[in-house]
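Okay, so here's the structure we're looking at.
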Amino acid sequence: MLVKKLCGIFLITWLYLAIDPIDRSDWFLDNLLVFLSVPLLVYSYRHFRFTDISYILITAFMILHAIGAHYAYTFTPFGDWLKETMNFSRNHYDRIVHFSFGLLLAYPLKELLDRIAKVPVPWSYIFSPLFIVAFSAIFEFIEAMVVELTNPELGIMFLGAQGDIWDAQKDIIVSLYGSVLAMAIAYILSTKQKQSPLSDLTNHE
53 MLVKKLCGIF LITWLYLAID PIDRSDWFLD NLLVFLSVPL LVYSYRHFRF
103 TDISYILITA FMILHAIGAH YAYTFTPFGD WLKETMNFSR NHYDRIVHFS
153 FGLLLAYPLK ELLDRIAKVP VPWSYIFSPL FIVAFSAIFE FIEAMVVELT
203 NPELGIMFLG AQGDIWDAQK DIIVSLYGSV LAMAIAYILS TKQKQSPLSD
253 LTNHE
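My numbering applies: residue 53 is where the sequence shown begins, and numbers increase by one.
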């Protein structure tokens, strides 16, 4: 059963990355997303089942986020490698994950719009990126609130702006880019196949 395998992969990865993170307090704040979303996904499985491809996309995003949380995002090795290789001024792993938020979660969100909200299919391609932007903005607002409510050092680490005053706006924009790309791919595949995109992977467990 694919969903059980994905749960096992994520659990093993998450437990491994939970060992000795860069900063335990920052790790805890970053993992609030996991603590809230995973139980919700487990509970909703009895009432609403995403397609297999959506569960794969969700798992991929959660793993990327778990890696970032372990390294407090700012110190993620892959981001450091990109920084040195591409001569960037900062570690861009957080931007990669924000882009992935749109790229990997826009399609599962579209499924919710199609099957729960009964949004007409042409419009769900548009509404999904709009919701991604809205969720990204809400998350940036929550990050700003954490900075205000926690000690300055922890707040700045959790925010992960790395000195960029436009960090929040850029994070939202890249999530939009990712979601638009995801919907473009889904639309192209749907048009070519004249059925649900990646239908061979969308059987329900």
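We put the beta carbon where it would ideally sit given N, CA and C, even for glycine.
These numbers were taken from a predicted model, which means no experiment stands behind them.
What is the rounded straight-line gap between the Cα of residue i and the Cα of residue j?
{"i": "proline 181", "j": "methionine 235", "result": "8 Å"}
{"i": "lysine 222", "j": "proline 160", "result": "23 Å"}
{"i": "glycine 120", "j": "glycine 131", "result": "10 Å"}
{"i": "phenylalanine 113", "j": "leucine 156", "result": "6 Å"}
{"i": "leucine 67", "j": "phenylalanine 187", "result": "27 Å"}
{"i": "lysine 57", "j": "alanine 70", "result": "20 Å"}
{"i": "glutamate 163", "j": "isoleucine 184", "result": "13 Å"}
{"i": "aspartate 78", "j": "phenylalanine 191", "result": "15 Å"}
{"i": "tyrosine 125", "j": "glutamate 200", "result": "20 Å"}
{"i": "arginine 167", "j": "serine 106", "result": "13 Å"}
{"i": "leucine 63", "j": "valine 86", "result": "11 Å"}
{"i": "valine 90", "j": "isoleucine 108", "result": "14 Å"}
{"i": "proline 73", "j": "lysine 244", "result": "45 Å"}
{"i": "leucine 134", "j": "phenylalanine 140", "result": "7 Å"}
{"i": "glycine 154", "j": "methionine 138", "result": "23 Å"}
{"i": "phenylalanine 193", "j": "tyrosine 229", "result": "20 Å"}
For residue i, which of the options has the nearest alpha-carbon?
{"i": "alanine 81", "options": "Leu63, Tyr239, Lys57 and Ala196", "result": "Per the sequence presented here, residue 81 reads as leucine, with alanine not at that position. It is Ala196 whose Cα lies nearest to the Cα of leucine 81."}
{"i": "valine 149", "options": "Ser227, Ile184, Phe179 and Phe193", "result": "Ser227"}
{"i": "proline 129", "options": "Ser89, Ile224 and Asp146", "result": "Asp146"}
{"i": "isoleucine 61", "options": "Ala220, Ile110 and Ala158", "result": "Ile110"}
{"i": "alanine 220", "options": "Ser231, Ala189, Val199 and Tyr239", "result": "Ala189"}
{"i": "isoleucine 240", "options": "Ile194, Pro174 and Trp218", "result": "Pro174"}
{"i": "histidine 117", "options": "Leu84, Lys244, Leu93 and Lys170", "result": "Leu84"}
{"i": "phenylalanine 100", "options": "Leu88, Ala169, Leu134 and His122", "result": "Ala169"}
{"i": "arginine 76", "options": "Asp104, His122 and Ser152", "result": "His122"}
{"i": "leucine 54", "options": "Val94, Leu92 and Asp104", "result": "Asp104"}
{"i": "threonine 65", "options": "His144, Ile115 and Ile224", "result": "Ile115"}
In chain order, each alpha helix (DSSP H) run of at least 4 residues that lies wholly inside the stretch 149 to 233: 173 to 201 and 204 to 211
Contact between the stretch 229 to 245 and the stretch 163 to 181 is defined here as three or more beta-carbon pairs at a separation below 8 Å; is this criterion met? yes
Entirely enclosed beta strand (DSSP E) segments - the stretch 79 to 163, minimum 3 residues: Counting whole runs of 3 or more residues, the stretch 79 to 163 contains no beta strand (DSSP E) stretch at all.
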